Amino acid sequence: MSKRTGDPLNDREFTLLCRKDSLVMSWLIVPMLNPELALKLQSHAKTRDSIMQSRQNISEAALNALGAVLTAFIEEKSDVDRKDC
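Its first residue numbered 6, the sequence shown is counted upward by one per residue in our numbering.
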(Lines of atoms letter the chains of each structure in order from A; the text may use other names.)
(Lines give C-alpha, C1' and ligand atoms only; values in the text may rest on other atoms or scores of the structure.)
Protein backbone atom coordinates (compact mmCIF):
# COMPACT_ATOMS: atom_id res chain seq x y z
CA MET A 6 0.00 0.00 0.00
CA SER A 7 1.07 3.51 -0.65
CA LYS A 8 2.14 5.37 2.47
CA ARG A 9 0.89 8.65 1.07
CA THR A 10 -2.63 7.78 -0.10
CA GLY A 11 -3.42 4.35 1.37
CA ASP A 12 -4.23 3.08 -2.13
CA PRO A 13 -3.08 -0.38 -3.25
CA LEU A 14 -0.66 1.10 -5.80
CA ASN A 15 2.86 1.92 -4.75
CA ASP A 16 4.10 5.48 -5.13
CA ARG A 17 6.02 4.74 -8.34
CA GLU A 18 2.96 3.26 -10.08
CA PHE A 19 0.83 6.17 -8.88
CA THR A 20 3.35 8.67 -10.23
CA LEU A 21 3.43 6.92 -13.61
CA LEU A 22 -0.37 6.98 -13.82
CA CYS A 23 -0.56 10.69 -13.04
CA ARG A 24 2.08 11.90 -15.51
CA LYS A 25 0.71 14.57 -17.83
CA ASP A 26 1.99 12.82 -20.97
CA SER A 27 0.54 9.40 -20.13
CA LEU A 28 -2.23 7.92 -22.27
CA VAL A 29 -4.59 7.95 -19.30
CA MET A 30 -4.24 11.67 -18.72
CA SER A 31 -4.70 12.43 -22.40
CA TRP A 32 -8.09 10.66 -22.53
CA LEU A 33 -9.81 11.89 -19.39
CA ILE A 34 -9.28 14.86 -17.12
CA VAL A 35 -10.42 14.76 -13.51
CA PRO A 36 -12.29 17.90 -12.39
CA MET A 37 -10.09 20.43 -10.65
CA LEU A 38 -11.04 22.35 -7.52
CA ASN A 39 -12.32 25.81 -8.34
CA PRO A 40 -9.61 28.34 -7.32
CA GLU A 41 -12.18 30.68 -5.79
CA LEU A 42 -13.46 27.87 -3.59
CA ALA A 43 -9.95 26.74 -2.69
CA LEU A 44 -9.31 30.09 -1.03
CA LYS A 45 -12.22 29.56 1.36
CA LEU A 46 -11.67 25.87 2.15
CA GLN A 47 -9.87 24.65 5.22
CA SER A 48 -6.72 22.59 4.79
CA HIS A 49 -8.37 19.26 5.65
CA ALA A 50 -11.01 19.84 2.97
CA LYS A 51 -8.29 20.56 0.39
CA THR A 52 -6.47 17.39 1.43
CA ARG A 53 -9.68 15.37 1.13
CA ASP A 54 -10.27 16.83 -2.34
CA SER A 55 -6.75 15.95 -3.50
CA ILE A 56 -7.15 12.37 -2.23
CA MET A 57 -10.49 12.10 -4.04
CA GLN A 58 -8.85 13.42 -7.19
CA SER A 59 -6.06 10.84 -7.01
CA ARG A 60 -8.60 8.04 -6.53
CA GLN A 61 -10.53 9.26 -9.55
CA ASN A 62 -7.30 9.18 -11.57
CA ILE A 63 -6.72 5.57 -10.54
CA SER A 64 -10.35 4.64 -11.29
CA GLU A 65 -10.22 6.18 -14.73
CA ALA A 66 -7.00 4.30 -15.49
CA ALA A 67 -8.64 1.03 -14.51
CA LEU A 68 -11.76 1.75 -16.57
CA ASN A 69 -9.69 2.77 -19.59
CA ALA A 70 -7.69 -0.44 -19.36
CA LEU A 71 -10.87 -2.50 -19.02
CA GLY A 72 -12.41 -0.69 -21.98
CA ALA A 73 -9.35 -1.37 -24.13
CA VAL A 74 -9.48 -5.08 -23.28
CA LEU A 75 -13.21 -5.33 -23.98
CA THR A 76 -12.79 -3.45 -27.25
CA ALA A 77 -10.08 -5.88 -28.31
CA PHE A 78 -12.44 -8.80 -27.65
CA ILE A 79 -15.42 -7.21 -29.41
CA GLU A 80 -13.71 -5.84 -32.53
CA GLU A 81 -14.12 -7.86 -35.68
CA LYS A 82 -10.87 -9.35 -36.86
CA SER A 83 -10.80 -10.98 -40.28
CA ASP A 84 -7.79 -13.17 -39.56
CA VAL A 85 -9.18 -14.68 -36.34
CA ASP A 86 -11.53 -17.67 -36.39
CA ARG A 87 -14.49 -17.19 -34.09
CA LYS A 88 -16.97 -19.69 -32.72
CA ASP A 89 -20.62 -18.99 -33.38
CA CYS A 90 -22.48 -18.52 -30.13
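Where a beta carbon is used, it is the ideal one built from N, C-alpha and C, also for glycine. Bear in mind that the values here come from a model prediction, so they are computed numbers and not experimental data.
Collapsed DSSP secondary structure at M37 in the structure displayed: As a first step, residue 37 is located in the sequence shown; it is residue number 32 there, counting from the start. Correct three-state label for M37: coil.
Top-ranked residue by Cα proximity to P36, from L68, S59, F78, G72: In the sequence shown, counting from the first residue as 1, residue 36 sits at position 31. Closest option to P36, Cα to Cα, is S59.
Alpha helix (DSSP H) segment containing E65, residue limits: By one-based count along the sequence shown, residue 65 stands at place 60. 48-79 is the extent of the alpha helix (DSSP H) around E65.
Beta-carbon spacing of L38, D54 below 8 angstroms: Taking the sequence shown and counting its residues from 1, one reaches residue 38 at position 33. Taking the sequence shown and counting its residues from 1, one reaches residue 54 at position 49. It is a contact, given that the beta carbons lie within the stated cut-off.
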